[in-house]
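Okay, so here's the structure we're looking at.
Residue numbers (this note's numbering): 5 to 511.
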């Protein structure tokens, strides 16, 4: 086994050298198209790029730019970083492949034959090098984009769960899970793509912990992984900003304190709640205090408060109520009760995600400095929420909404046709002071305003009115006519059928 590890490490690093050398030899010598020049600019001078930003990418790329004194070479150094990150992705991909093939080929790890060793190493080389020279990955590996860095994070966290699988039955195995959580938090500051690795991680965990795994259990594990992804993507990422905003309003508007007081208090209380929960779940002296600290941490993270306004509060209270009923149930089967170790690991993972996620403080700090490029100017907790939520991009009708030919609903007001609009939420902005003695405060303004459409359908795939000609050139659209009231004048609007949408979706 020792010889196997030596060969595995050696061949893995050779694979890295091959990939990294090829990528470094073929990098873009300067800034390339699309987002790359922007990312290079944000990295070089730590400026604020387009939402939702990539602060950890900025920090790492900024380190690489410190190795050159000539500004003309800055773009090249950032591209070198992508090349090396992509080479590291290939390295961990190789080790992941050899780990899985070893499980299939080698039956006795104390007596590995030469043929088995060649089979495992050959599989790793073929798989890793095939990905190395694939067009899409090679393309992203040689330019200053976030996808190379994100791919490296994905490769590392999957390799880490395989390292956990090797020692899953040992007491210290949870450290690998906690490290995965930390890297997941860091990856949020690069690209959210890494969260898609969580379902694979959950399946590895399930198959290792449940010897009699079956299709039903696999589906339940997948469902659980989706909940985990949602908890991070729709819970922690926007939730921390949301709850922090509530504290900010309380301390600034209600208590008359300066800007950012509420955020500072919130961060301190959140850290205290997590530390309390970790302490209680480690000592196991009181089940009641342990459950209360866990509930408080979940609430402070904002995970249950999905949505906006009053609906977010109602949903949050309901979710916390269900969680409290589960935690405090006295007649619950011990097999499904959350153990102290599980709770402790969950809290440690949450803490490490927050440590990684804290890289977003860079965005606020640099925005306050008013850098030359300061997109959306996320200078406080509320503008940061809009920045993270990509408010400037608008919405897309994923499940229900208008098609490309839909018309805006119209109302008659005072003899005029007025498009029907709805405000999705309210937002808070800093009030401009009229005198130096005036207290800091936030004012409430209408949130994003959207038009309401008269014709809507389920699962609209052809929804962009700007691409009508392209839809029709791509396929024959049957369509059907629906009446449209244009302020008293009845017109017919040709809408695509549901089958037209499905055909376009699969074409």
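The C-beta atom is built at its ideal place from N, Cα and C for all residues, glycine as well.
Our two residues, residue 489 and residue 62, have alpha carbons roughly 52 Å apart in a direct line. Residue 147 is positioned such that its CB atom lies closer than 9 Å to that of residue 32.
In the DSSP assignment, residue 414 falls within the beta strand (DSSP E) that extends over 414-417. DSSP places residue 440 in the coil class of the three-state scheme, outside both helix and strand.
Within its own chain, the residues whose Cβ lies closer than 8 Å to the Cβ of residue 66, once the five positions on either side in sequence are excluded, are 47, 48 and 50, listed in chain order.
In the three-state scheme derived from DSSP, where H, G and I count as helix and E and B as strand, residue 421 is classed as strand.
For residue 496, no alpha helix (DSSP H) run applies; the uninterrupted beta strand (DSSP E) run containing it begins and ends at 493-499, by DSSP. Residue burial is scored here from C-beta neighbours: residue 313 has fewer than 16 other C-beta atoms within 10 angstroms and is therefore classed as exposed. Under DSSP, residue 427 forms a beta bridge with 453.
For residue 78, the enclosing alpha helix (DSSP H) has its first and last residue at 78-109. Around the C-beta of residue 29, fewer than 16 other C-beta atoms lie within 10 Å, and the residue is accordingly described as exposed.
For residue 55, there is no enclosing alpha helix (DSSP H), as DSSP marks it with neither H nor E. With fewer than three CB-CB distances shorter than 8 Å, the region 160-177 does not count as touching the region 330-350. Of the residues assessed, residue 137 falls on the exposed side of the cut-off, its CB having fewer than 16 other CB atoms within 10 angstroms. For residue 487, the secondary structure class from DSSP, reduced to helix, strand or coil, is strand. Runs of the alpha helix (DSSP H) lying entirely within the region 306-349 and spanning at least 4 residues, in chain order: 313-332. The beta carbon of residue 12 sits closer than 6 Å to those of 102, all from its chain and outside the five residues before and after it, given in chain order. Rounded to whole angstroms, the Cβ separation of residue 303 and residue 324 is 6 Å, and the two are in contact under 8 Å. Considering only 271, 184, 297 and 307, the residue with the shortest C-alpha distance to residue 238 is 307. Look at the beta carbons and you see the region 262-279 touching the region 347-366: at least three pairs across the two are nearer than 8 Å. The straight-line gap separating the alpha-carbon atoms of residue 373 and residue 364 is approximately 15 Å. Where residue 475 is concerned, the enclosing alpha helix (DSSP H) starts and stops at 472-478.
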